[in-house]
Structure formats: C-alpha cells, structure tokens
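Which chain is which? The protein sequence lines are A and B, in order. Residues in the first sequence are numbered from 1 upward in steps of one, following the numbering used here. Residues in the second sequence are numbered from 1001 upward in steps of one, following the numbering used here. Every residue gets a Cβ at the ideal spot worked out from N, C-alpha and C, and that includes glycine. These numbers were taken from a predicted model, which means no experiment stands behind them. Below: the structure, in structure tokens.
Number of protein chains: 2
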Amino acid sequence: MIITIGREFGSGGREFGRRLAEELSIAYYDSEILTEIAKRTSLSENYIKEIIEKKPYASYPIHIGRSLHPMASPIQEQTNIIYQEQSETIKELAKKSDCVIVGRCADYILRDEKPFRIFVYADMEHKVQRCKSRAPENENLTEKGLITKIKSIDKNRKKYYDFYTGNDWGDRSNYDLCINTSTMPIKLYAKIIAEMIRAL
Amino acid sequence: MIITIGREFGSGGREFGRRLAEELSIAYYDSEILTEIAKRTSLSENYIKEIIEKKPYASYPIHIGRSLHPMASPIQEQTNIIYQEQSETIKELAKKSDCVIVGRCADYILRDEKPFRIFVYADMEHKVQRCKSRAPENENLTEKGLITKIKSIDKNRKKYYDFYTGNDWGDRSNYDLCINTSTMPIKLYAKIIAEMIRAL
C-alpha cells in the first residue's frame, strides 16, 4: 500500500498525509527524503530544498533528446542529479514498507507500483488563513504578500513536476482522488479515506 | 444538504450519484429535471436533451454584454430559455428537500446554497470498458468509435458548462472533491462519502 500526495502550498496536504499515515499505521515520508538525499550527495538539506522547490531553470522538458541541448548549465546538471537521487531514495523507501509520501513527484516516480495518488488543494482564501495562522513569528507578510508567496511556490512546484514527469501538476487525470480542504476538515478526510483504503 | 455531481461521460457519475442519494436517503435528480423542463416549455424531452448536451452554438460567453451581439440566433435563444427553465427547476428542487443533482450546471446554479460539489471522472480505458458493457444492443461502435463518442460528449458538456457558468468544467477549483472511479469501486466511494457528509 503506497499512497502519494501532491498538494498546493497552504492546503494542508502535509497534515493530511501525516494523519492518513497515522490512521493506517504506516510510514510517512516528507522531509526525511531530503535528509536522505543530503546524506548521499553531501549537499545541504537547505540547498536541496532550494533546488527542488525553486530552481528547475531549463524551459525545455527533460524528455526532449539531450542532443539538441548539449549545453545544460551546471545548475541544471545538479538539479538533475538531485532528481536522480530523489528517485532512488523514493523507490527504496517504497520497497521497504507501506507508506505515505508527500510531494517530490513520488506519484510519477512510483508509477509502476500503482500507488494511490491523492492531490490536496484549497481555495485561496482558505490557504491564506492557514498560512497566516502558521506563519513563523518573523514573517510579516500582508495578505497580498501571502497570496504572491503561495502562487509563486505553487508555480515552482508545477514547473518542477511538469519538467520531470511530462505530466500536468494538479490535473485530475494524474490522480485517483483530489480533495479540497476548504470545506471538509482534514482530520475527517484522513479518517474516511483511510477507511476506504483499508476496505479495498 | 445539497450535493451536486459533475461527471465525465462513461465515468459512472450517475451511478455514483444514485448510490450516494440512496446511502443518505435523500432525493436524486437527473432526467427528472428534463421532464420538468419539458412540462414547462412544451418542448420534447429528447429535444431538450439534444439542446443541453449538444448545441450551445454561440462561441462567446453569455456574460458578455448582449448589446455587442444583438443577433442571437433563434436556436441560441431557445437554448437560453431552456437554461433559464433548468435554473428555476433546479432551484425549486433544491428548496424542497435535501438532494443529489447530477449534471446540468447545478453546482453553479445553486452556488448561493453552498452545495457539496463532486466531480466524477475516470481513465479513458476504464470509460471505454464501462460504455462497452452498457451499450444498447443496436450500438456497434469500435473501440476507436467509442473513444470519439466519449470525447465528443465531454467536449459538448464542457462547452455548455463553460458557456453558462463562465467557469472551467472539470477544473478542480470548482469542486470540493474529484473522484477517479478507475481505481476504487463506485459502491465503496458512495458509502464512504455518504459517511463523511453525515459526519459534518
């Protein structure tokens, strides 16, 4: 039983994933994956996070024949190396035991294992409220600033996902279930979906 | 408690809606709406179905000031009249009692009532299988023919929905929950989602 979770920033996807794993008593992986890649590559976790969340520079999909683009930049090469390490780490984790994996293209990387693929999203108003209530003390963003931040993070997630998978991030056809956390409590969703997965 | 269901053709959205209504012991409306419009307009049910599913001719959204388009065709006018009747019928039904309403832009028409909006979809392979197993005896479509039919019906649903709502049919942001019936039995989905809605 492997469950992957894609999520919009601020939608509570991580909380949902953690709760779902708890309900099912299975492993939960999120930042653990970064730690593992850091170990393997001797890059810092923060740097890897930066690369994964913010810097897939190239504008052409990785699937296009490399011969047309022989001059990939050093940063692009490093992004690719991190993606490779990430893929291997995720495959190894998925082999070890049943688990919930949040983000990191896991739905695509594990496609041969037929994971149950969930996408978590929410209305902007809801995401802003959630971000406000969880903001670090030193973050003093206005509502407008928060919306810009949320949009920008999701834009980068989409860029990264689309680049490495050739699929369309957040498009329903890539998922088994898409849940909007604006109208239904995350806790209830986790309980019910765990029940459904157990019933299969 | 009002639940609206949008659905891709062949995904089992109607079966899901019916089962959900049964689980919740509330009213279920689908073709009943056509019957009601037929009564009110003295048009035949088949003709109305044709108009709703196949013929929103105009290529500009209805929201755009009509003064720019004073020459709406007679068929477009009739489509608009049917949409108006449909809106009123749906609003009246929703006032009468808790219910599940399938299709017909009900999520948008009832937006002020804050319905729980579900979209049901499936992989093409799954939809083809479902259509094959339910095809009328006199329908002898090849697999390719079936795919063309499925795509064409959904294209028209999208055209109709987008035209009258100004929203994007099937886009997750318009729904509270999007379920892919390829990987999870419809019966199980109906049971679990009914439980969730009852728990609210």
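Using DSSP with H/G/I as helix, E/B as strand and the rest coil, what is residue i?
i	result
Ile-1026 (chain B)	coil
Leu-1177 (chain B)	strand
Cys-99 (chain A)	strand
Phe-1009 (chain B)	coil
Arg-1104 (chain B)	coil
Thr-41 (chain A)	helix
Thr-4 (chain A)	strand
Could you tell me whether any Cβ in chain B is nearer than 9 Å to the Cβ of residue i?
i	result
Asp-112 (chain A)	no
Gly-224 (chain A)	Not covered by the structure: residue 224 (chain A). The range shown for chain A is 1 to 200.
Ala-199 (chain A)	yes
Tyr-161 (chain A)	no
Gly-12 (chain A)	no
Arg-19 (chain A)	no
Val-128 (chain A)	no
Lys-158 (chain A)	no
When the cut-off is 9 Å and only beta carbons count, does residue i lie next to chain A?
i	result
Ile-1193 (chain B)	yes
Ser-1067 (chain B)	Note that Ser-1067 (chain B) has pLDDT 48, beneath the 50 cutoff, so the model's placement of it is unreliable and no number is given.
Suppose the cutoff is 8 Å on Cβ atoms and the five residues either side in sequence are ignored; what does the same chain contact list for residue i look like?
i	result
Thr-1035 (chain B)	Glu-1045
Ile-48 (chain A)	Leu-34, Ile-37, Ala-38, Thr-41, Ile-82
Ser-31 (chain A)	Glu-45
Glu-1113 (chain B)	Ile-1002, Ala-1094
Ala-1122 (chain B)	Glu-1008, Gly-1010, Ser-1011, Gly-1012, Arg-1130, Asn-1180, Thr-1181, Ser-1182
Val-1128 (chain B)	Gly-1010, Glu-1143, Leu-1146, Ile-1147, Ile-1150
Which residues in chain A have a C-beta closer than 7 Å to the C-beta of residue i? List them in chain order.
i	result
Leu-1024 (chain B)	The contacting residues do not exist; Leu-1024 (chain B) stays about 14 Å from chain A at best.
Apart from the five residues just before and just after residue i, which ones in its own chain have a Cβ nearer than 6 Å to its Cβ?
i	result
Tyr-1028 (chain B)	Arg-1018, Ala-1021, Val-1100
Ile-197 (chain A)	none
Gly-1013 (chain B)	Ile-1005, Arg-1007, Val-1120
Phe-1009 (chain B)	Ile-1150, Ile-1153, Asp-1154
Glu-85 (chain A)	Ile-37, Arg-40, Thr-41
Ile-186 (chain A)	Gly-12, Glu-15, Phe-16
Val-1102 (chain B)	Ile-1005, Arg-1014, Gly-1017, Asp-1030
His-126 (chain A)	Ser-182
Glu-92 (chain A)	none
CB-CB under 7 Å to residue i, same chain, minus the five flanking residues each way: which ones, in chain order?
i	result
Ala-1194 (chain B)	Leu-1020, Glu-1023, Leu-1024
Arg-117 (chain A)	Thr-4, Asp-107, Asn-174, Tyr-175, Asp-176
Lys-1191 (chain B)	Glu-1023
Using a C-beta to C-beta distance shorter than 7 Å, which residues of chain B count as neighbours of residue i?
i	result
Tyr-121 (chain A)	Arg-1172
Could you list which residues in chain B have their beta carbon closer than 8 Å to that of residue i, in chain order?
i	result
Met-196 (chain A)	Met-1184, Leu-1188, Tyr-1189, Ile-1192
So which residues of chain A does residue i contact, with C-beta pairs closer than 9 Å?
i	result
Phe-1116 (chain B)	Thr-183, Met-184
Check the Cβ-Cβ distances between residue i and every residue of chain D, and say whether any is below 9 Å.
i	result
Glu-143 (chain A)	Considering every chain present, this structure includes no chain D. Its protein chains are A and B.
Residues in the region 169 to 189 of chain A with C-beta within 9 Å of chain B's C-beta atoms, listed in sequence order?
-> If the cut-off is 9 Å between Cβ atoms, the region 169 to 189 of chain A has Gly-170, Asp-171, Arg-172, Ser-173, Tyr-175, Asp-176, Leu-177, Cys-178, Ile-179, Asn-180, Ser-182, Thr-183, Met-184, Pro-185, Leu-188, Tyr-189 near chain B.
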